[in-house]
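Protein chains in written order, with the working numbering: chain A, 15 to 486; chain B, 15 to 587. Where a beta carbon is used, it is the ideal one built from N, C-alpha and C, also for glycine. As the structure is a prediction and not an experimental result, all values here were calculated from the model. First the structure, in the form of structure tokens, and then the observations on it.
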Amino acid sequence: MTSTADYSEKIPNNVDLHEDRRLQRALESWQPNFLSWWESMGPTLPTQDVYLRTAVNVGREGWAHFGHVPMKDYRWGVFLAERDPDRRVAFGQHKGEPAWQKVPGEYRAALQRLIVIQGDTEPASVEQQRNLGATAPSLYDLRNLFQVNVEEGRHLWAMVYLLHAYFGREGREEAEQLLHRNSGSEESPRILGAFNEETPDWLSFFMFTYFTDRDGKYQLGTLKESAFDPLSRTCEFMLKEEAHHMFVGTTGIDRVVERTVQLMIEHDTDDVGPYGGIPLNVLQKYLNFHYSVSLDLFGSETSTNVANYFTAGLKGRWSEERRRDDHLLTDDSIMVDAVVDGRIGQNEVAALVGLNTDLRREYIGDCQNGVNRWNRILEDAGMPQRLRLPHVAFNRKVGAFSGIEATPGGEMISADEWERRKGAWLPTEFDKTHVRSLMRPVHERGKIAAWIAPPRQGINGKPFDYDYVHLA
Amino acid sequence: MTATASSPRPPGHAPPEGRPAPPMPVDFQTHPSRYRHWRLAFDGPVATLTMDVDEQGGLVPGYELKLNSYDLGVDIELYDAVQRLRFEHPEVRTVVVTGGKEKVFCAGANIRMLAAASHAWKVNFCKFTNETRNGIEDASAHSGQTYIAALNGTASGGGYELALACEHIMLVDDRSSAVSLPELPLLGVLPGTGGLTRVVDKRHVRRDIADYFSTRSEGVSGRKAVQWRLVDEAVPRSRWEETVAERAAEFAGRSTRPAGGSGIELPPLAKTRTAERIAYRYVTAALDRERGCAEITLLGPDTGVPAGVHERGAGFWSLALARELDDLILDLRTNETELGTWVLRTRGDAERVLAHDALLLEHRDDDWPANEIVLYLKRTLKRLDVTSRSLIALIEPGSCFAGSLLEVALAADRSFQLSGVFEDADPDAEPAAITVGPMNLGPLPMGNDLTRLATRFHGDAGALAAVEKRAGEPLSAEEAERLGLVTFAPDDIDWADEVRIAIEERASFNPDALTGLEANYRFAGPETIETKIFGRLSAWQNWIFYRPNASGPDGALRKFGTGRRADFDHKRV
Numbered sequence: 015m016t017s018t019a020d021y022s023e024k025i026p027n028n029v030d031l032h033e034d035r036r037l038q039r040a041l042e043s044w045q046p047n048f049l050s051w052w053e054s055m056g057p058t059l060p061t062q063d064v065y066l067r068t069a070v071n072v073g074r075e076g077w078a079h080f081g082h083v084p085m086k087d088y089r090w091g092v093f094l095a096e097r098d099p100d101r102r103v104a105f106g107q108h109k110g111e112p113a114w115q116k117v118p119g120e121y122r123a124a125l126q127r128l129i130v131i132q133g134d135t136e137p138a139s140v141e142q143q144r145n146l147g148a149t150a151p152s153l154y155d156l157r158n159l160f161q162v163n164v165e166e167g168r169h170l171w172a173m174v175y176l177l178h179a180y181f182g183r184e185g186r187e188e189a190e191q192l193l194h195r196n197s198g199s200e201e202s203p204r205i206l207g208a209f210n211e212e213t214p215d216w217l218s219f220f221m222f223t224y225f226t227d228r229d230g231k232y233q234l235g236t237l238k239e240s241a242f243d244p245l246s247r248t249c250e251f252m253l254k255e256e257a258h259h260m261f262v263g264t265t266g267i268d269r270v271v272e273r274t275v276q277l278m279i280e281h282d283t284d285d286v287g288p289y290g291g292i293p294l295n296v297l298q299k300y301l302n303f304h305y306s307v308s309l310d311l312f313g314s315e316t317s318t319n320v321a322n323y324f325t326a327g328l329k330g331r332w333s334e335e336r337r338r339d340d341h342l343l344t345d346d347s348i349m350v351d352a353v354v355d356g357r358i359g360q361n362e363v364a365a366l367v368g369l370n371t372d373l374r375r376e377y378i379g380d381c382q383n384g385v386n387r388w389n390r391i392l393e394d395a396g397m398p399q400r401l402r403l404p405h406v407a408f409n410r411k412v413g414a415f416s417g418i419e420a421t422p423g424g425e426m427i428s429a430d431e432w433e434r435r436k437g438a439w440l441p442t443e444f445d446k447t448h449v450r451s452l453m454r455p456v457h458e459r460g461k462i463a464a465w466i467a468p469p470r471q472g473i474n475g476k477p478f479d480y481d482y483v484h485l486a
Numbered sequence: 015m016t017a018t019a020s021s022p023r024p025p026g027h028a029p030p031e032g033r034p035a036p037p038m039p040v041d042f043q044t045h046p047s048r049y050r051h052w053r054l055a056f057d058g059p060v061a062t063l064t065m066d067v068d069e070q071g072g073l074v075p076g077y078e079l080k081l082n083s084y085d086l087g088v089d090i091e092l093y094d095a096v097q098r099l100r101f102e103h104p105e106v107r108t109v110v111v112t113g114g115k116e117k118v119f120c121a122g123a124n125i126r127m128l129a130a131a132s133h134a135w136k137v138n139f140c141k142f143t144n145e146t147r148n149g150i151e152d153a154s155a156h157s158g159q160t161y162i163a164a165l166n167g168t169a170s171g172g173g174y175e176l177a178l179a180c181e182h183i184m185l186v187d188d189r190s191s192a193v194s195l196p197e198l199p200l201l202g203v204l205p206g207t208g209g210l211t212r213v214v215d216k217r218h219v220r221r222d223i224a225d226y227f228s229t230r231s232e233g234v235s236g237r238k239a240v241q242w243r244l245v246d247e248a249v250p251r252s253r254w255e256e257t258v259a260e261r262a263a264e265f266a267g268r269s270t271r272p273a274g275g276s277g278i279e280l281p282p283l284a285k286t287r288t289a290e291r292i293a294y295r296y297v298t299a300a301l302d303r304e305r306g307c308a309e310i311t312l313l314g315p316d317t318g319v320p321a322g323v324h325e326r327g328a329g330f331w332s333l334a335l336a337r338e339l340d341d342l343i344l345d346l347r348t349n350e351t352e353l354g355t356w357v358l359r360t361r362g363d364a365e366r367v368l369a370h371d372a373l374l375l376e377h378r379d380d381d382w383p384a385n386e387i388v389l390y391l392k393r394t395l396k397r398l399d400v401t402s403r404s405l406i407a408l409i410e411p412g413s414c415f416a417g418s419l420l421e422v423a424l425a426a427d428r429s430f431q432l433s434g435v436f437e438d439a440d441p442d443a444e445p446a447a448i449t450v451g452p453m454n455l456g457p458l459p460m461g462n463d464l465t466r467l468a469t470r471f472h473g474d475a476g477a478l479a480a481v482e483k484r485a486g487e488p489l490s491a492e493e494a495e496r497l498g499l500v501t502f503a504p505d506d507i508d509w510a511d512e513v514r515i516a517i518e519e520r521a522s523f524n525p526d527a528l529t530g531l532e533a534n535y536r537f538a539g540p541e542t543i544e545t546k547i548f549g550r551l552s553a554w555q556n557w558i559f560y561r562p563n564a565s566g567p568d569g570a571l572r573k574f575g576t577g578r579r580a581d582f583d584h585k586r587v
């Protein structure tokens with residue numbers, strides 16, 4: 015048996031791991047299993063070490079501790095945001111009651127399910143992105159990829175911590191299952207469909223971190239409101255790390271746009287493909303795809319499950335406490351997207367059952383910020399072209415619009431027309447082949463691939479040409 | 015509206031509807047010296063139990079117990095009498111049940127009482143009365159104390175059902191006294207204490223005749239009642255008393271009850287009751303209203319076994335424990351309807367439990383109290399089986415779930431046995447063990463006539479055999495879990511949370527659905543008269559009770575005695 019001192023050394027934490035027998039026992043079998051999962055399902059590119067940020071405590075200094083670390087020695091920690099001893103439930107039927115420090119038996123099944131679903135997405139993205147190292151456009155980007163990967167790994171730890179600490183034997187079994195389901199596996203795939211697709215190239219990776227990780231941010235944001243305080247505190251801390259993932263996506267696309275604009279000006283053409291760039295219309299298609307599949311992750315427009323979660327206090331709304339309403343929503347209503355009389359329209363439903371819509375709208379507003387930012391690059395360069403978020407009905411497989419086809423502008427079209435025209439809106443084989451053809455690794459210090467501009471700044475004040483990764 | 019609003023709200027009769035309330039808590043202990051409704055007389059091997067209900071003696075104000083009709087208070091006395099006859103009167107071999115009124119033996123459960131009572135009260139009342147009637151049959155079948163119904167007047171509804179629980183039914187043939195089950199035609203409900211089942215299953219009345227009989231409010235009398243097997247004999251008034259005496263002597267003569275020996279007096283239980291706790295010598299219950307559960311602890315014997323069962327009288331551990339648990343079950347069921355989960359623990363020496371069991375089984379055939387105590391344990395455990403509460407057994411270090419006490423864990427809906435010990439509280443303790451003993455292998459069957467083990471492993475003879483092979487061995491949590499004797503075997507680290515969550519989760523479910531779920535799972539295997547009564551009959555009856563046709567403002571129960579007709583919704587469901 016590993017001694018207790020070992021754990022605190024290997025697993026930075028602020029949950030008193032050294033004196034928690036339950037956690038120690040659970041981790042005894044889980045930790046080696048996690049490491050072997052990381053070995054077999056984690057990044058495939060062999061490295062000696064990577065300049066990584068490690069959270070060693072939740073304080074201002076501690077949560078962003080940088081240094082070169084061999085990835086297998088990365089110290090995945092368990093951190094919860096500081097506890098507010100006076101925290102109270104902010105919404106639902108338990109509003110005003112002290113936040114729960116233990117899982118109420120009544121909500122065991124629902125809370126466990128929420129945590130398992132969240133937890134399942136974290137290792138999934140590592141699996142989806144495992145081969146990207148081989149085609150990284152620069153050491154800087156390679157390092158960012160690995161940073162995202164180890165932090166997704168840590169987010170898995172965070173969810174596993176909750177399962178281990180609060181859900182007993184069943185929690186341990188569920189934690190184990192998180193390692194046995196694998197992205198894209200025939201036998202035991204990840205729970206959510208979107209997490210079973212491989213991330214095939216770096217443009218997809220940036221889009222994924224911008225759009226899909228942002229879905230994660232919003233899900234975490236609702237769980238941060240949870241009456242179950244350990245879940246709330248865990249998610250609060252995860253959100254800090256999630257911000258970096260979104261930064262990778264936002265600035266990644268920034269840099270692609272920037273490079274495309276350079277090539278457009280340089281060669282005086284929209285079709286920068288032949289010059290080693292990614293044309294704006296291909297960027298738009300990738301955006302269309304990733305945005306629309308991320309909208310699906312929010313589920314149906316109406317959901318009684320989510321209504322129940324809200325009423326029970328398990329899952330709140332985005333920025334719940336900043337909202338100015340009764341936080342009960344029993345008498346309110348909301349307009350939700352729907353097909354009405356054969357047209358794209360809206361229906362009024364009880365606010366409680368429309369919470370998925372509420373969250374999706376928050377998300378859409380946030381996505382628009384990135385688009386604005388990329389358009390500013392175009393505008394500053396004097397370009398008339400603009401990127402756009404497609405209509406909410408476009409390319410949807412879940413919810414009210416799953417049964418219809420619509421253009422990015424929101425015009426309903428027939429299935430035939432969709433088949434004819436979708437190549438103009440979603441990446442075609444041709445587009446994908448082109449993007450893939452650009453994916454050649456650049457693993458030399460200070461160099462970068464031709465399809466993307468270098469970042470304005472390096473990591474943690476280091477220059478772009480810093481040796482962020484030592485390859486094996 | 016009657017002025018009861020200021021009294022604490024009892025579970026039985028809810029003040030908001032202006033119903034009078036029973037005295038709370040209802041006490042199930044009584045003594046013949048305090049009976050208001052029954053008389054006991056003894057004549058050698060024959061005891062006569064005369065029902066003579068005090069009209070003004072209802073447990074709850076608001077109704078008169080006319081025509082020898084009964085309420086819970088009347089039945090509490092009947093139960094007490096049946097118990098005392100078995101323990102205090104070894105010489106009694108026949109019990110004649112008869113009436114103390116003119117023309118009427120018993121009119122059954124009091125209708126105004128039923129109409130005013132809450133649904134839960136009615137259901138609990140029926141359950142208790144059923145258990146008493148099953149106990150009467152148990153005495154006839156296993157104690158050599160045969161019950162004879164001497165119906166010296168009309169026996170209707172519950173009155174006839176009481177007779178049906180007896181081995182022999184005599185009806186006075188005076189051209190007016192009848193037996194009847196008029197519930198359906200008069201009240202729009204069913205006979206609630208096993209009448210329908212016993213008419214066909216026990217007395218073998220043909221089903222079409224039974225159907226006709228049960229829709230005839232005036233019932234059947236005289237020779238026709240005999241022909242239809244509703245009674246065993248119709249006796250002319252002139253020869254009534256001598257015939258009853260003759261029959262009583264005959265049955266007494268056939269009894270196998272061992273001759274001689276003095277009775278075991280059943281003294282009042284040393285019981286204390288507060289809002290938070292009910293305590294006896296060997297049984298305690300902490301009433302946790304916040305969590306909606308009662309934490310019940312049964313203590314094992316505090317001494318070794320005496321030389322004979324008689325020696326300690328009612329203080330003999332097995333008997334004392336059965337009496338206390340029996341009273342506790344009745345008390346909690348009636349008075350604590352919001353404690354929906356009973357957590358069952360034991361504490362003591364398993365060897366001593368097994369030694370007491372062994373003494374009882376060794377002398378079952380030659381010393382009547384040994385037999386009586388085993389039968390009483392059986393009946394008390396059956397009460398657990400039909401209790402509409404979630405039962406969770408916690409098997410911890412220091413517990414004594416062995417033999418007769420293991421039955422308590424086997425009666426539970428779920429059981430947890432601690433693997434290892436509580437490291438912080440008592441690291442040196444012996445880990446919890448359970449022991450299968452002879453008491454688990456036959457003497458304490460459930461209502462389905464199978465042992466709890468056989469019911470548990472219904473259809474899996476291999477699993478049952480594997481358990482039987484380990485009889486006598488203390489089994490660790492891991493072994494017990496492997497053998498299927500406990501549900502979960504968490505260790506110290508998981509224990510508190512697993513148990514807490516199980517109890518909290520249980521408390522969050524629909525209690526009605528839980529009752530239904532538990533009742534379905536507790537009785538795997540064949541049907542018996544008892545399982546039909548507690549399953550089929552009770553479920554239908556409870557449904558009917560709840561329907562507007564019976565209990566709505568225009569329902570038959572409410573309209574009875576008003577001179578107005580019930581207004582039925584005629585749609586079949």
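DSSP places A:Gln38 within a helical segment (H, G or I) once states are collapsed to three.
Around B:Val219, the same chain offers Val213, Phe227, Trp242, Arg243, Leu244 as residues with beta carbons nearer than 8 Å, after the five sequence neighbours per side are excluded. Contact between the stretch 523-533 of chain B and the stretch 199-208 of chain A is absent: fewer than three C-beta pairs spanning the two stretches fall below 8 Å. Taking all protein chains in view, the Cβ of A:Ser218 is crowded by 16 or more other Cβ atoms within 10 Å, so the residue is classified as buried.
Residue burial is scored here from C-beta neighbours: A:Asp345 has fewer than 16 other C-beta atoms within 10 angstroms and is therefore classed as exposed.
Annotation for B:Leu344: Phe42, Phe142, Arg397 place their beta carbon closer than 8 Å to its own, counting only its chain and skipping 5 residues before and after.
Taking C-alpha positions only, A:Thr442 is separated from A:Val296 by approximately 9 Å. The alpha carbon of A:Gly167 has as its nearest neighbour, out of A:Gln382, A:Arg122, A:Glu120, A:Asp87, the alpha carbon of A:Asp87.
Looking at the DSSP output, B:Trp52 bridges to B:Met65.
B:Ile507 belongs to the set of residues whose beta carbon lies under 8 Å from a beta carbon in chain A. By the CB criterion at 8 Å, A:Ile348 and A:Thr325 fall outside the cutoff. Using beta-carbon distances, A:Arg127 does not count as an interface residue toward chain B, since no partner is under 8 Å.
Distances from the CA of A:Asn163 to each of A:Ser306, A:Thr68, A:Gly424 were compared; the closest alpha carbon is that of A:Thr68.
Three or more Cβ pairs drawn from the stretch 412-432 of chain B and the stretch 347-367 of chain B lie within less than 8 Å of each other, which places the two stretches in contact. Residues Val64, Tyr65, Leu66, Ile473, Tyr482, Val483 of the same chain have their beta carbon placed closer than 8 Å to that of A:Arg157, with the five preceding and five following residues left out of the count. Cβ proximity to chain B below 7 Å picks out Val117, Pro118, Gly119, Glu120, Arg122 from the stretch 93-122 of chain A. The Cβ of A:Gly182 sits closer than 8 Å to at least one Cβ of chain B. Of the other Cβ atoms in all chains shown, 16 or more fall within 10 Å of the Cβ of B:Arg107; this residue is therefore buried.
Collapsing the DSSP output to three states places A:Trp90 in coil. For B:Asp246, not one C-beta of chain A is nearer than 8 Å to its own C-beta. Out of B:Leu99, B:Val88, B:Leu81, B:Ala443, the CA that lies nearest to the CA of B:Val40 is found in B:Val88.
Sequence-ordered contacts of the stretch 507-540 of chain B with chain A read Ile507, Asp508, Asp511, Glu512, Arg514, Ile515, Ala516, Ile517, Glu518, Glu519, Arg520, Ala521, Ser522 [C-beta pairs closer than 8 Å]. Distances from the CA of B:Thr288 to each of B:Trp557, B:Pro540, B:Met38 were compared; the closest alpha carbon is that of B:Met38. Contacts between B:Pro504 and chain A, judged by CB atoms closer than 8 Å, involve Gly182, Arg183 in chain order. Put simply, the CB of A:Arg35 is near chain B, with a gap under 8 Å to one of its CB atoms. Each of B:Ala443, B:Val500, B:Lys573 was checked against the Cα of B:Thr449, and the nearest Cα belongs to B:Val500. Taking the Cβ atoms as the reference, B:Phe537 lies roughly 5 Å from B:Asn462, within the contact range of under 8 Å.
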